[in-house]
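Structure first, commentary second.
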Amino acid sequence: MKPFVILKRIIFAAALIPAAALLVDAFRGELTANPIDYITDTTGDWAIRFLVITLCVTPIRRLTGWNRVIQLRRMLGLFCFFYATLHFLTWSVLDWFFDFRQMGEDIVKRPFITLGMATFLMLLALAVTSTKGSIRRLGRRWTQLHRLIYLAAVTALFHFWLARKTVVPQFQLMLVAAILLLGFRAWWTLRTRVHPRTSAAH
Amino acid sequence: MKKSPLSTAGEKLTSWDDITSYNNFYEFGPYKEDPKEQAWRLKPRPWTITVEGYAAKKGTFGFDEFIQPYALEERVYRMRCVEAWSMVIPWVGIPLKDIIATYQPTSQAKYVEFVTAFNPAQMPGESTRMLPWPYVEGLRMDEAMNPLAILAVGLYEETLPNQDGAPIRLVVPWKYGFKGVKSIAKIRFVDYQPKNTWQVMTPNEYGFYANVNPNLDHPRWSQATERRIGTFFRQKTLPFNGYADQVASLYAGMDPKKLY
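As they're listed, the protein sequences go chains R and C. Residues in the first sequence are numbered from 1 upward in steps of one, following the numbering used here. Residues in the second sequence are numbered from 1 upward in steps of one, following the numbering used here.
Right under this line is the structure:
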């Protein structure tokens, strides 16, 4: 097997560890005194972490010139969607048990739920258009559509911030990471505009 | 131990494990599991409590001397957190009104202010800027004199564990849990409404009164329902956490919208 394939499989397996750890904790009855809140927080944390990790791919490629790293991006993005889906299902099934009236009211009335829902819908749109077929069919528009990930990063962070009573260290870490990663893109875009020839291959 | 007739009957008690492992006690960190992991750092003995302000009797008292005059009693109360979860806790405590009577507050004393110990070496959260320290809470004098208000020193007939606010903490069951200031070091009889910590932190979300009210939402989430720790489905939250008969008269004529 080629080293890159091995690397990809290792990352795949590692990305499943947080979900597996939740299952193990569940069987051992170690999901704290408030399992639903704990699962909600944990899956939400991992969705944002994978969003940030996904945003690392392009800067790594540009700074190191390691072009193949781009082949990891879809998988990492889908893991973000995977944890976001678990987070959404925990809220809709475990927390509210399909109480659609209450959920609808919360989506409309509570900005932090509105932002969470908006983030999830954006990630859903990105996930369903992540196939080779979609990339081919949508062409240039695919690139435009997938810039939604930047907006999703902003709404996800707002959602995280509003869901807590105080600023927790995990939020600070994710905020700094997102500012650096989005800042890198702004800087890179500006740079390529000023010196189009030196970085024509983006 | 004396069982109090003021105890809440007919509710299943939350387990000792849950009461002592799922805590909001930011002095030990922002996460629910932090207090159980970090609270060993706190030394609840020797401990002193300073009584100050408009009172005939004042001074600094050792913990044993402070509680020695009173008979401990068990009080089972619901505890409703502002985060929409709840527990049923068999506290061991002393009626606050009996303690207040000992210190004979003067007519200038309109409120009681409680202050948590400030000791960053033992309470590592106090060396962060997460909240303004030390933690402060307060009650209007008539609230403090209500028979339901107690200072707790134990639970399940055991000494109060550090993570639950050792050696002594406030319990006011008709208010959201954050009013229950832990590890009290100072009690002041004052003529101003104390600036309680969460109100200072986020004034549009947390007020002075913090009465449990299912009809008045937190700006970011509903307070209509709660999850009782140890059960699956949400249940309806009761006005004044089910203690309206004993406390609603304290707020007669006040706008319930301002009692958050």
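Using N, Cα and C, we set each Cβ at its ideal position, and we do this for glycine too.
Just to confirm, is the Cβ distance from residue i to residue j under 8 Å?
i: residue 175 of chain C; j: residue 213 of chain C; result: no
i: residue 70 of chain C; j: residue 98 of chain C; result: yes
i: residue 28 of chain C; j: residue 163 of chain C; result: yes
i: residue 220 of chain C; j: residue 110 of chain R; result: yes
i: residue 148 of chain R; j: residue 80 of chain R; result: no
i: residue 36 of chain C; j: residue 20 of chain C; result: yes
i: residue 126 of chain R; j: residue 146 of chain R; result: yes
i: residue 138 of chain C; j: residue 203 of chain C; result: no
i: residue 113 of chain C; j: residue 169 of chain C; result: no
i: residue 158 of chain R; j: residue 89 of chain R; result: no
i: residue 95 of chain R; j: residue 40 of chain R; result: yes
i: residue 47 of chain R; j: residue 84 of chain R; result: yes
i: residue 134 of chain R; j: residue 78 of chain R; result: no
Just to make sure I have the definition right: I need the residues of chain R whose C-beta is within less than 8 Å of the C-beta of residue i. Which are they?
i: residue 27 of chain C; result: Per Cβ cutoff of 8 Å: no residues; residue 27 of chain C is ~13 Å from chain R at best.
i: residue 18 of chain C; result: 33
i: residue 21 of chain C; result: 32, 33
i: residue 35 of chain C; result: Going along chain R, no residue has its Cβ under 8 Å from residue 35 of chain C, so there is no contact; the nearest lies around 12 Å.
i: residue 186 of chain C; result: Within 8 Å Cβ-Cβ: nothing; residue 186 of chain C doesn't reach chain R, min ~23 Å.
Quick one: give me the first and last residue of the alpha helix (DSSP H) that residue i is part of.
i: residue 100 of chain C; result: 96–103
i: residue 112 of chain R; result: 111–128
i: residue 61 of chain R; result: 35–64
i: residue 163 of chain R; result: 148–163
i: residue 238 of chain C; result: Element bounds for residue 238 of chain C: n/a, residue is neither H nor E.
Quick one: what's got a C-beta closer than 7 Å to residue i's C-beta in the same chain, skipping five residues either side?
i: residue 142 of chain C; result: 250
i: residue 14 of chain C; result: 87, 88, 89, 229, 230
i: residue 171 of chain C; result: 77, 91, 93, 150, 152, 180
i: residue 240 of chain C; result: 174, 211, 212, 247, 248
i: residue 80 of chain C; result: 86, 176, 177, 212, 226, 237, 241
i: residue 118 of chain R; result: 155
i: residue 14 of chain R; result: none
Spatial neighbours of residue i within its chain, please: C-beta separation below 8 Å, excluding the five flanking residues on both sides.
i: residue 43 of chain C; result: 122
i: residue 58 of chain R; result: 70, 73, 185
i: residue 2 of chain C; result: 71, 72, 73, 74
i: residue 145 of chain C; result: 96, 97, 100
i: residue 57 of chain C; result: 51, 102, 103, 104
i: residue 68 of chain R; result: 4
Starting from residue i, trace the beta strand (DSSP E) in both directions and tell me its first and last residue.
i: residue 79 of chain C; result: 73–80
i: residue 111 of chain C; result: 111–116
i: residue 172 of chain C; result: Segment: none, residue 172 of chain C is in no beta strand (DSSP E) and carries neither H nor E.
i: residue 227 of chain C; result: 225–228
i: residue 182 of chain C; result: Run containing residue 182 of chain C: none; DSSP gives neither H nor E here.
i: residue 150 of chain C; result: 150–155
Using a Cβ-Cβ cutoff of less than 6 Å, which residues in the same chain neighbour residue i once the five nearest sequence positions on both sides are dropped?
i: residue 63 of chain C; result: 47, 167
i: residue 11 of chain R; result: none
i: residue 186 of chain C; result: 50, 115
i: residue 206 of chain C; result: 198, 199
i: residue 201 of chain R; result: Any reading at residue 201 of chain R must be qualified, since the residue scores a pLDDT of 48, below 50, and its modelled position is unreliable; the value itself is stated next. Cβ within range, chain order: n/a, list empty.
i: residue 39 of chain C; result: 28, 162, 163
Determine the chain R residues that contact residue i at a beta-carbon separation under 9 Å, and present them in chain order.
i: residue 131 of chain C; result: 166
i: residue 85 of chain C; result: 33, 34, 37
What does residue i touch in chain C if you count any residue whose Cβ is under 9 Å from its own?
i: residue 158 of chain R; result: Residues of chain C passing the Cβ test: none, with the nearest at roughly 12 Å.
i: residue 36 of chain R; result: 227, 232
i: residue 97 of chain R; result: 232, 233, 234
Can you tell me which residues form a DSSP beta bridge with residue i?
i: residue 87 of chain C; result: C/79
i: residue 189 of chain C; result: C/53, C/112
i: residue 98 of chain R; result: Per DSSP, none; premise fails for residue 98 of chain R.
i: residue 139 of chain C; result: C/112
i: residue 61 of chain C; result: C/49
i: residue 93 of chain C; result: C/73, C/152
i: residue 159 of chain C; result: C/154
List the residues of chain R that residue i touches, going by C-beta distances under 7 Å, in chain order.
i: residue 220 of chain C; result: 110, 112, 162
i: residue 47 of chain C; result: Going along chain R, no residue has its Cβ under 7 Å from residue 47 of chain C, so there is no contact; the nearest lies around 27 Å.
i: residue 30 of chain C; result: 166, 168
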